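Chemist:
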Amino acid sequence: MSASLEALTIDPTGKATYIVQKEHAKGFSWGSISSNSSLSHDSGLTVHKDSPIMESYPIQVRKDLLPPEPLANALLDIYFADIHPYMPVINKSLFYHQWRYERENMSLFLLECMFGTACRLCEGPAIQDSPEDTNTAGVMWYRRALDHLDDFLDCARFTTVQGILILIKCKETMPGDGYYYRGWMMLSAAIRMGIDCGLNKSTTRNRSSPAEKRVWQVVSHIDQLMSTAQGRESQMSRANLDDTNYTADAGDDETELELLNNFTYLNMLIRLLRRATEIVTQWGSGFWPSDPRYKTLSQILESWQEKLPPQLRIQLPGSIAEPFPLPKHHFSVNLQIAFWMTSLLMYRPWLLHSPPEKSTTTEASKHISKAIYAAKAITQYVTAVYQQYGLKHFKYMLRGINFTIYACVAAVFVLIHATRFDSDALAYFHKLSEFLEIALSDSSSAEIKESLRKIRAAYPEYESFSKSPKTMQLNPMYATPGYGDPNVTG
């Protein structure tokens, strides 16, 4: 059993064994870039920073290089509706002004990245290289962007940084050999060029446009999610990051203002993860909740949930067998999964270092209950989303469906440990593992699939969860009444 669990391990720093093993198998070296390296400081190189009306590009926008007008507009609508909420790196009002009146002055590379990513998240013969194969959607635009990337690396441009971030998003939908390392190198290029554009100086001490600040925040988000999962040191220095809430861009309407406000809640979660990772790294294999800063982070996490605005709240039902309606837009659901994943990672050390059978403290039992509740909440959310919308809704999140897989792997590990004392943890494990098998259907993560198969085979009595649905209840000793309810402090 221990061998089967190994592939499902996510260590205290956030490193995912299944990702590291896959890259080791390809012969990659896990060298890292220290936060003290030259990437954390201004290079002093000449900066070519785009003004609202672009100066010049190596390839000019021409009609024959773009999709037909109706298709182009439809793809841009998809981009801003479904991708923009998670990575608002573009000033929407300025973009559309240029699209309508100054198209010839726009970055062709940026447009190709946007078209390719939007195509990957929708279907239709018009966007597919092969009309019969939906997996070819957007491949043409992705390849064009890759081909043109070298041309746009002739100097530092803000629009090229934006395009690379969107290209990373596009690549998330096409995993394959070397996927993780290629993404890491794309991110490295964005960071290097961002520094040359002066984005690392976009802090509260320096004047910068809202778009510049958000671009550097999104760079930081991707860096945090990539570096922890892949077991690498972060390439970003928190000292050069403005983590404050959004500032409105000129021309933003009410819809855009609400979108940017919603984005700040995702920003706060990832910022908390970054701070937690720094503490865990300092503690090594020690029990990091002993650090005085842990209590502060725990309070910030609970405060985040209490202050969540109504449009982002979703009330979980008491039973996993009980269906519940989800909002039409996927952002609030993915945000909730991100919250429960963060909560799980924060509180699971108590489950691993202070097992209930050895723990008699109220504090330990409270945190253990929170970790298990978080794992069960993740199970409920992913099950409900898949039943109502399929896998598509998970692909919009930062890091795409890989983010959801990561959260589920962390939850599965907690649920397996919880089976020793929680009466329905095993049922939740089987429900979640069923979803994971589906989510991994297009993935090459054979290690996880095999581990899930072996563990589930060890508990044949729960192989058909649908025959015995369970409610979300812990043993009384470990219950924390009200936790998970936004109206009750945990």
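Position in the sequence shown (from 1) plus 867 gives the number in this note's numbering. Positions of the beta carbon are idealized from the N, C-alpha and C atoms, including for glycine. These numbers come from a predicted model, not from an experiment.
Along the chain, where does the alpha helix (DSSP H) containing A1188 start, and where does it finish?
Modeler: Note, A1188: premise wrong, no alpha helix (DSSP H); not H, not E.
Chemist: Could you say which of R1266, L1307, A1241 and F1270 lies nearest to A1292 if we only look at CA atoms?
Modeler: Looking at R1266, L1307, A1241 and F1270, the one whose alpha-carbon comes closest to that of A1292 is A1241.
Chemist: Taking the alpha carbon of F1191 as the reference point, which residue from V1252, K1038 and A1277 has its own alpha carbon closest?
Modeler: V1252
Chemist: By the three-class DSSP mapping on this structure, what secondary structure does K882 have?
Modeler: coil
Chemist: Would L1202 and W1171 be called neighbours here (beta carbons separated by less than 8 angstroms)?
Modeler: no
Chemist: Could you spell out the range, first to last residue, of the alpha helix (DSSP H) harbouring V1086?
Modeler: Element bounds for V1086: P1077 to Q1097.
Chemist: Name the DSSP bridge partner or partners of I1137?
Modeler: None; I1137 has no bridge partner.
Chemist: Counting only the same chain and skipping the five closest in sequence on each side, list residues whose C-beta sits under 7 angstroms from that of I1239.
Modeler: V1281, A1285, D1289, A1292 and L1341
Chemist: Name the DSSP beta bridge partners of I945, please?
Modeler: In the DSSP output, where bridge partners are listed per residue, I945 has none listed.
Chemist: Taking the alpha-carbon of L1016 as reference, which of L978, I1235, A985 and R987 has the nearest alpha-carbon?
Modeler: L978
Chemist: When every heavy atom of the ligand NAD is checked, does at least one fall within less than 7 angstroms of the C-beta of I1204?
Modeler: Within the structure as shown, the ligand NAD is missing, as the structure has no ligands at all.
Chemist: Measure the C-alpha to C-alpha separation of W1083 and L1013 and round it to an integer number of angstroms.
Modeler: 22 angstroms
Chemist: Please look up how many angstroms separate the CB atoms of G1050 and I1035, rounded, as I've assumed it's under 8 angstroms.
Modeler: 6 angstroms
Chemist: The alpha helix (DSSP H) with L1022 in it runs from where to where?
Modeler: With the sequence shown as reference, residue 1022 is identified as Cys, and Leu is not the correct amino acid for it. Per DSSP, C1022 belongs to no alpha helix (DSSP H) and is neither H nor E.
Chemist: For T884, is the classification buried or exposed, using 16 other Cβ atoms within 10 angstroms of its Cβ as the cut-off for buried?
Modeler: buried
Chemist: Could you round the C-beta distance between L1164 and A1143 to whole angstroms and report it? I think they count as a contact, below 8 angstroms.
Modeler: 6 angstroms
Chemist: By Cβ distance below 6 angstroms, which residues in the same chain neighbour V928 in space, the five residues on each side in sequence not counted?
Modeler: R970, E971, M973 and L975
Chemist: Distance, Cα to Cα, F1019 vs M981?
Modeler: 16 angstroms
Chemist: For H1260, which of P934, L932, I950 and Y924 has the nearest alpha-carbon?
Modeler: I950
Chemist: Measuring CB to CB, does Y1009 end up less than 8 angstroms from G983?
Modeler: yes
Chemist: From what residue to what residue does the alpha helix (DSSP H) around N1201 run?
Modeler: Element bounds for N1201: F1198 to H1220.
Chemist: Looking only at its chain, what residues have a beta carbon closer than 7 angstroms to the beta carbon of S1210, apart from the 5 residues adjacent to it on each side?
Modeler: L1168, K1237 and A1241
Chemist: What's the gap between the Cα of T1040 and the Cα of R987?
Modeler: Between T1040 and R987, the C-alpha separation is close to 7 angstroms.
Chemist: Measuring CB to CB, does T1229 end up less than 8 angstroms from K1298?
Modeler: no
Chemist: Does DSSP put T1286 in a helix, in a strand, or in coil?
Modeler: coil
Chemist: Any C-beta of chain C sitting closer than 8 angstroms to the C-beta of A1057?
Modeler: Absent from the structure is chain C; it holds one protein chain and no more.
Chemist: Give me the residue from D1090, P1176 and C1037 with the minimum Cα distance to L1140.
Modeler: D1090
Chemist: Relative to the C-alpha of T1250, which candidate in Q1102, S1300, L933 and I877 has its C-alpha closest?
Modeler: S1300
Chemist: Output needed for H1234: all residues of its chain with C-beta closer than 7 angstroms, excluding positions within five of it in sequence on either side, in chain order.
Modeler: Y1214 and W1217
Chemist: Give the DSSP-derived three-state secondary structure of Q1102 in the structure shown.
Modeler: coil
Chemist: From the DSSP output, in three-state form, read off K1243 for me.
Modeler: Helix, per DSSP.
Chemist: If A1179 sits next to P955, beta carbons under 8 angstroms apart, how far is it from one beta carbon to the other, in whole angstroms?
Modeler: The question names Ala, yet the displayed sequence has Leu at residue 1179. So it is not a contact: roughly 16 angstroms between Cβ atoms.
Chemist: Going by DSSP, what residue range makes up the alpha helix (DSSP H) through T1163?
Modeler: P1159 to E1173
Chemist: For the putative contact between L933 and A939, defined by C-beta atoms under 8 angstroms, what is the C-beta separation to the nearest angstrom?
Modeler: 6 angstroms
Chemist: Taking the alpha carbon of M1007 as the reference point, which residue from D1119, G1043 and K1038 has its own alpha carbon closest?
Modeler: A check of alpha carbon separations from M1007 across D1119, G1043 and K1038 identifies K1038 as the nearest.
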